[in-house]
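Working notes, beginning with the structure itself.
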Amino acid sequence: GIGLTAAARSPQLVHFSEPEGWHPLAWYRRALEQRMLEDTGRSGGALLAVLLGERGLQDPGEVDALSASGLYHLVALSGFNVVLLIFAFSGMAHLFGTHPRTRDLASLVLLAAYGALVADQPSLSRALLMAGIFLAARILARPQGGLLAWSAALALLLAYDPRWILDAGFQLTFAATLGILLLWDAYPAAVSRAGLAGALFRLHWVGLAALAATLPFVAFTFHRVSLLGWLATPLASLPLMAVQALGTAYMFGLAFVPGVHQVLGWVLSNLTQCFLLLPSWLGEGRWGSLFLPTPGWFWVALYALAFALLCAAGRARRVGWILAVVAIVGTWGWTAAFPTGTVPALAVLDVGQASCQVLRWGGHALLVDAGNGTYRGPTSGRAVVEPYLATAGVRRLEGIVLTHWDEDHA
111 GIGLTAAARS
121 PQLVHFSEPE
131 GWHPLAWYRR
141 ALEQRMLEDT
151 GRSGGALLAV
161 LLGERGLQDP
171 GEVDALSASG
181 LYHLVALSGF
191 NVVLLIFAFS
201 GMAHLFGTHP
211 RTRDLASLVL
221 LAAYGALVAD
231 QPSLSRALLM
241 AGIFLAARIL
251 ARPQGGLLAW
261 SAALALLLAY
271 DPRWILDAGF
281 QLTFAATLGI
291 LLLWDAYPAA
301 VSRAGLAGAL
311 FRLHWVGLAA
321 LAATLPFVAF
331 TFHRVSLLGW
341 LATPLASLPL
351 MAVQALGTAY
361 MFGLAFVPGV
371 HQVLGWVLSN
381 LTQCFLLLPS
391 WLGEGRWGSL
401 FLPTPGWFWV
411 ALYALAFALL
421 CAAGRARRVG
431 WILAVVAIVG
441 TWGWTAAFPT
451 GTVPALAVLD
461 VGQASCQVLR
471 WGGHALLVDA
481 GNGTYRGPTS
491 GRAVVEPYLA
501 TAGVRRLEGI
511 VLTHWDEDHA
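In the working numbering, the protein residues as written are 111 to 520.
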């Protein structure tokens, strides 16, 4: 029944009222957030996002760098965090010689405790459900656990609420996972799987598979595609994996052990700063992410055919690679046609505190004022103006007129 949610991005705007009655989990979570901010200093906002899903106190510059570099998904609680959690726990269980069934049962308990402690987010709930089904299938020795978990989670969630099929996050979650499952066997035979280099290649292949499966959804919904995100994600994940492993121990008790929590907080803070170096560097370049006007339906259909052929074997897969390249080049070179037959029109766009206007006549467009830069959240230039221009088929502006030099729309 919740119609609208919002995030206050300044602690001065928020008054925390403690829950009445006996709510141990709420009390513990509140104390944990406070301790984390005290122990980690300037990294506290990013750590709250990575470990607990609280993104309201992130530094605006960090948010913009993560968005521009295509790495923002790393600080949004999702399947990525669940995978890191299970991976770190399984690694420790293997070192101690734990039986696989005991390890998987303990992983289920850990996932339940983790889900109860962190912020309730749809992407994380989907990931926890899928991971739980996968672990249960492995405990029961069921083959094809990955596809089973994907299918069962999809069926259960759509049975609960069929409208979720229209949600962008839902589409991206299941498309990315399906792409990884289907394209794993398409890993090039000429590329080694052994050693450190092979492990790095396989990590990048997973990212490429997820990108290939989600590309149409990203193009239509966000009109901005990250060219480097799938390459940078494995590199950025190395310090993030350590953050997740140590952060989990911090969350489940070590935050309140005298002498230990200060040292652990210092280590987590430095690891987080290491993680933020890569998005900060990539976010400064213009090619971190690429604006994409609305693609034509012909190219979308061609890309869908290419993806289906990539999931096959033999020569069909080679044809799939060729068609995928043709579809991507075609989408970029020949976008949806600009509606030249319309009469002159004016569109007024809400860009936050201000507005901007788009004048359209014939095949031309002029922008009067614009969106903002980083101002306590995602830029309205990318969140409002770009999607409108993309949907309208505007590929080139005749010019930009700035009425005055206020930060909110100049």
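Idealized CB from N, CA, C, for every residue including glycine. Computed from a predicted structure; not experimentally measured.
Check                                                                                                                                                                                         : Outcome
If contacts are defined as beta-carbon pairs under 8 angstroms, then Phe-199 and Leu-220 qualify, I think. What distance do you get, rounded to the angstrom?                                 : 6 angstroms
Let me know the secondary structure DSSP gives Arg-334 once reduced to three states.                                                                                                          : strand
Have a look at Arg-312 and Leu-345 and give me their C-alpha separation to the nearest angstrom.                                                                                              : 13 angstroms
Express the C-alpha separation of Glu-172 and Ala-359 in angstroms, rounding to a whole number.                                                                                               : 25 angstroms
By Cβ distance below 6 angstroms, which residues in the same chain neighbour Ser-179 in space, the five residues on each side in sequence not counted?                                        : Pro-389, Leu-392, Gly-393 and Gly-398
Using a Cβ-Cβ cut-off of 6 angstroms (strictly less than) and excluding sequence neighbours within five positions of Leu-227, which residues of its own chain qualify?                        : none
Find out if the Cβ-Cβ distance for the pair Thr-441, Leu-402 is shorter than 9 angstroms.                                                                                                     : yes
What is the rounded straight-line gap between the Cα of Pro-405 and the Cα of Leu-157?                                                                                                        : 37 angstroms
Taking the alpha carbon of Phe-244 as the point to measure from, which residue in Leu-257, His-314 and Ala-426 has its own alpha carbon closest?                                              : Leu-257
Take Gly-363 as the anchor and find which of Gly-131, Thr-115, Met-146 and Gly-111 has the nearest alpha-carbon.                                                                              : Met-146
Are the CB atoms of Val-495 and Ala-480 within a distance shorter than 9 angstroms?                                                                                                           : yes
Quick one: Cα of Trp-260 to Cα of Gly-189, how far?                                                                                                                                           : 12 angstroms
Along the chain, where does the beta strand (DSSP E) containing Trp-515 start, and where does it finish?                                                                                      : Careful: Trp-515 lies outside any beta strand (DSSP E) and carries neither H nor E.
Taking only runs of the beta strand (DSSP E) that begin and end inside the stretch 402 to 431, which ones reach a length of at least 3 residues, in chain order?                              : none
Check each candidate in Ala-278, Pro-210, Ala-426 and Tyr-224 and name the one with the smallest Cα separation from Leu-250.                                                                  : Pro-210
Measure the alpha-carbon distance for Gly-353 versus Leu-400 and round it to whole angstroms.                                                                                                 : Here residue 353 turns out to be Val, not Gly, going by the sequence shown. Each residue's Cα considered, the two are about 29 angstroms apart.
Evaluate Gln-168 with the Cβ neighbour count: other Cβ atoms within 10 Å of its Cβ, from every protein chain shown; 16 or more gives buried, anything less gives exposed.                     : buried
Does the Cβ-Cβ distance between Val-193 and Ala-229 come in under 9 angstroms?                                                                                                                : no
What runs of the beta strand (DSSP E), each 3 residues or longer, lie entirely inside the stretch 248 to 306?                                                                                 : none
Could you name the residues of the same chain whose beta carbon sits closer than 7 angstroms to that of Thr-331, not counting the 5 residues immediately before and after it, in chain order? : Ala-278
Going by the CB atoms, is the gap between Gly-375 and Thr-150 shorter than 9 angstroms?                                                                                                       : yes
Assuming contact is defined by CB atoms lying nearer than 9 angstroms, are Trp-407 and Trp-444 in contact in what I supplied?                                                                 : no
Buried or exposed: where does Arg-303 fall if 16 or more other Cβ atoms within 10 Å of its Cβ makes it buried?                                                                                : exposed
Which stretch, first to last residue, makes up the beta strand (DSSP E) that contains Ala-226?                                                                                                : Per DSSP, Ala-226 belongs to no beta strand (DSSP E); it is in the alpha helix (DSSP H), 210 to 227.
Have a look at the DSSP bridge pairing and note the partners of Ile-510.                                                                                                                      : Leu-477
Along the chain, where does the beta strand (DSSP E) containing Ala-457 start, and where does it finish?                                                                                      : 455 to 460
Assuming Val-468 is part of the alpha helix (DSSP H), what are its boundary residues?                                                                                                         : Not the alpha helix (DSSP H): Val-468 falls in the beta strand (DSSP E), residues 465 to 471.
Thinking just about the alpha-carbon of each residue, which of Ala-116, Trp-471, Pro-454 and Pro-232 is nearest to the one in Trp-274?                                                        : Pro-232
Nearest by alpha-carbon distance to Leu-282: which of Leu-205, Pro-326, Ala-418 and Phe-206 is it?                                                                                            : Pro-326
With DSSP as the reference, please indicate the residues paired to Leu-400 in a beta bridge.                                                                                                  : Val-335
With burial defined as no fewer than 16 other Cβ atoms inside 10 Å of the residue's Cβ, what is the status of Tyr-270: buried or exposed?                                                     : exposed
Can you tell me the Cα-Cα spacing of Ile-432 and Gly-113, whole angstroms?                                                                                                                    : 45 angstroms
At the level of alpha carbons, what is the spacing between Tyr-297 and Ala-411?                                                                                                               : 24 angstroms
Using the three-state DSSP reduction, which class does Leu-371 fall into: helix, strand or coil?                                                                                              : Just to set this straight, residue 371 is His in the shown sequence, not Leu. Helix.
Whose C-alpha, out of His-371, Leu-318 and Cys-466, is nearest the C-alpha of Ile-510?                                                                                                        : Cys-466
Let me know the alpha helix (DSSP H) ranges lying completely inside the stretch 139 to 179, each 4 residues or longer, listed in chain order.                                                 : 154 to 157 and 170 to 179
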